[in-house]
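A.B. asks:
Next up, the structure:
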């Protein structure tokens, strides 16, 4: 009974399901489409009688296997927006299933294609790559940014190690130095740096990284090198995957048939400083061996040479003709030297050497070549730090003297007296325009300057007081000191003639009696410390002694006698040798001192209350003068002032009654006997610019009354001061106009 009931219920359910069964029909993609991976595409379908809960899958092998897109997703519009995966297949299909009624489903009628934007090509599985080797990771890309991240895994993808990040690659290839991480569970992953969620691909299968092979690689010397005996040389090598920290280094001189130890054990640091032995050979090799594994070693790829160090002069090497003051290149080659060289030249076939310069090059511009003539010249190059290592020219070369300057005088054999002036003369090429001139007193062992720069080719020279038979002159081009000439032979400087020269007074001067005069003279080559001085007033007819002796210091102060003569001279002679003597070249005058009034000197008319200039001439006076005036022809003199000038501004001439008997007198302030007065009288006229009209004499005015004081004046007078006197005007009027009992005056009068 129960069995029947169950069968009935099952049959009823099938009936109901068969009645309500739905349909799903995929419309896109349904075959033939080409979709780009990592783009967004719409999967669409039609449906009837479904639950609207859908499971969507895709296949890349025509439906043989399926990969889930979504599961049991409620969708009412029969559309699903799908990010197309990063795959490459032409046999793709989509399948849609009603999640509640799995028998209601559909799949693409035909295959469609997906093109991957980024697809890893190698390594893609089963490769075996050795650690330490260089391998190409390759891929294809279409639509990426060209900026990539690369990773590798040694545990089947459980974890990843970065190879590169955000690396710009356009060739779809990356050369990878395979790391020393041996494993059979290796994968590589590539992804677009800006789209890591979709544009990513991983090796399809595992590949293997095998352990590396230990290696040593000699890099220097590695063939063709020339090593010089007794020099330090750095042996260089590299090693990879060598576990030992020590190596052995050997060398061979017979192309590897026999090996000689350099060091039996040294750090595997990659370099070793070797002092090259003097075992000369062209078949040398170096070998570096892992001390813990003799099979891990390397040696030079080709033979190198061990040779003795050398220097070889290449120019000048014999028979060259070089010009003095020109420039020439000294050249040489070398090997095994310190790299710094001393350069020397010889003009006597190597008997003596002259230093030129030091150089760290193999060429030196010798400029200027010395200005001389020799046919037995050599050049020597010497290691600056090892004098034994050197070379010189194989044969002599010639240096010819530069003749751009030729001295014509003195050129040898002349006799020039010390203290005289002589002309040094020379000729020169147009290229020489300025010159320095020197003289030597010791045949050229040392030189003293005469002039440092002149454009002339003739020089007047004061021959020095240095008597010698070994004098020379040298003229040097100012702009090129290499160019010069020296007198062909010595000339003689003879002893000078002693000279005394009176220098003052030595012209037609005028001086005055009783004045002090400074007698001056100069001496040359006079050994006497004292002189005698004499004086004549009759042009040398007779001489009187001024002083004998006095120091020969060039000056002597003497007070002139009280004479009047126009024929005076001084004479100075050596105290112990009267033949060394000189006197004034021309006579001078000694006159009495004087003062001569020049204005007013007679006939002038000067008005009171004005300003006039008193002038005078003088000679031999003290330089300070007293000035007086007289209104009575010199019977009485009135003092005005004293001055150190030869003029005096008599400001506001004293206002006195008119006088025709006026004189001016000027007198030496320190010697009253030296004086002069106007030759003739001049007139002082009373100033009448203001005239009182009342009271003007004889009036009687009562105290307390008011009276008019009246006057007339010149138009130039506009303002006045008025005074009165009760003692007949006994006040000192100084420059005021005129007193009776009342004084009227203009400000200026």
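Numbering (my numbering), first residue to last: 1 to 749.
Where a beta carbon is used, it is the ideal one built from N, C-alpha and C, also for glycine.
Quick caveat, the model's predicted, so the values are computed rather than measured.
With a CB to CB cut of under 6 Å and the five nearest residues on each side skipped, what residues in its chain are close to residue 176?
C.D. replies: 135 and 137
A.B. asks: What are the residues that DSSP puts in a beta bridge with residue 261?
C.D. replies: Its beta-bridge partners are 250.
A.B. asks: For residue 458, which of helix, strand or coil comes out of DSSP?
C.D. replies: strand
A.B. asks: Let me confirm a value: residue 707 is counted as buried when at least 16 other C-beta atoms fall within 10 Å, else exposed. Which label applies?
C.D. replies: exposed
A.B. asks: Just list the residues that DSSP pairs residue 105 with in beta bridges.
C.D. replies: 97
A.B. asks: Out of 70, 65, 97 and 112, point me to the one whose CA is closest to residue 36's CA.
C.D. replies: 112
A.B. asks: Kindly indicate the opening and closing residues of the beta strand (DSSP E) around residue 40.
C.D. replies: 40-48
A.B. asks: Which of helix, strand or coil does DSSP assign to residue 594?
C.D. replies: strand
A.B. asks: Name the two residues that bound the continuous beta strand (DSSP E) containing residue 307.
C.D. replies: 304-307
A.B. asks: Determine the direct distance from the alpha carbon of residue 583 to that of residue 489, and round the result to whole angstroms.
C.D. replies: 41 Å
A.B. asks: So residue 556 and residue 533 are in contact, right, with Cβ under 8 Å, and what is the actual spacing, rounded?
C.D. replies: The beta carbons of residue 556 and residue 533 sit about 6 Å from each other, so the pair counts as a contact at 8 Å.
A.B. asks: Kindly indicate which three-state DSSP category residue 608 falls into: helix, strand or coil?
C.D. replies: coil
A.B. asks: Check whether the Cβ of residue 136 lies closer than 8 Å to any Cβ atom in chain D.
C.D. replies: Chain labels in this structure do not include chain D; a single protein chain is all it has.
A.B. asks: Starting from the N-terminal side, write out each stretch of the beta strand (DSSP E) that is 3 residues or longer and does not extend beyond the region 386-424.
C.D. replies: 386-392, 397-400, 405-409 and 415-417
A.B. asks: By the three-class DSSP mapping on this structure, what secondary structure does residue 563 have?
C.D. replies: coil
A.B. asks: Three or more beta-carbon pairs under 8 Å between the region 288-295 and the region 320-336, yes or no?
C.D. replies: no
A.B. asks: List the residues that DSSP assigns as beta-bridge partners of residue 342.
C.D. replies: 358 and 382
A.B. asks: Using 8 Å as the threshold, is the C-beta distance between residue 686 and residue 651 below it?
C.D. replies: No, Cβ-Cβ distance for residue 686 and residue 651 is not below 8 Å.
A.B. asks: Check whether the Cβ atoms of residue 286 and residue 209 sit closer than 8 Å, and answer yes or no.
C.D. replies: no
A.B. asks: Quick one: grab the DSSP three-state call for residue 372.
C.D. replies: In the three-state reduction of the DSSP assignment, residue 372 falls in the coil class, being assigned neither a helical nor a strand state.
A.B. asks: Would you be able to state if there are at least three C-beta pairs under 8 Å between the region 22-31 and the region 102-121?
C.D. replies: yes
A.B. asks: Looking only at C-alpha atoms, which of 522, 68, 369 and 423 sits nearest to residue 481?
C.D. replies: 369
A.B. asks: Under a Cβ-count criterion, where at least 16 other Cβ atoms within 10 Å of its own Cβ denotes burial, should residue 243 be classed as buried or exposed?
C.D. replies: Flag for residue 243 reads exposed.
A.B. asks: Short of 8 Å in beta carbon distance, which residues of its chain neighbour residue 170, apart from the five on each side in sequence? Order them along the chain.
C.D. replies: So the list reads 146, once near-sequence residues are dropped.
A.B. asks: Out of 376, 340 and 336, which has the shortest C-alpha to C-alpha gap to residue 352?
C.D. replies: 376
A.B. asks: With the cut-off set at 8 Å, would you say residue 229 and residue 278 are in Cβ contact?
C.D. replies: yes
A.B. asks: Hey, out of 298, 464 and 514, whose CA is closest to residue 495's CA?
C.D. replies: The candidate whose alpha carbon is nearest that of residue 495 is 464.
A.B. asks: Ends of the beta strand (DSSP E) at residue 583?
C.D. replies: 581-583
A.B. asks: Since residue 132 is in the beta strand (DSSP E), which residue starts that stretch and which ends it?
C.D. replies: Per DSSP, residue 132 belongs to no beta strand (DSSP E) and is neither H nor E.
A.B. asks: Alpha carbon to alpha carbon, what distance is there between residue 678 and residue 665?
C.D. replies: Approximately 7 Å, taken between the alpha carbons.
A.B. asks: Counting only the same chain and skipping the five closest in sequence on each side, list residues whose C-beta sits under 8 Å from that of residue 283.
C.D. replies: 252, 253, 254, 255 and 303
A.B. asks: Which class does residue 546 belong to by DSSP, given the choice of helix, strand or coil?
C.D. replies: Strand, per DSSP.
A.B. asks: Quick check on the burial criterion: 16 or more other C-beta atoms within 10 angstroms. Buried or exposed for residue 341?
C.D. replies: buried
A.B. asks: Label residue 586 either buried or exposed according to how many other C-beta atoms from any shown protein chain fall within 10 Å of its C-beta, with 16 as the threshold for buried.
C.D. replies: exposed
A.B. asks: Tell me which residue opens and which closes the beta strand (DSSP E) that residue 312 is part of.
C.D. replies: 310-315
A.B. asks: Please classify residue 703: is it buried, with 16 or more other beta-carbons within 10 angstroms of its beta-carbon, or exposed?
C.D. replies: exposed
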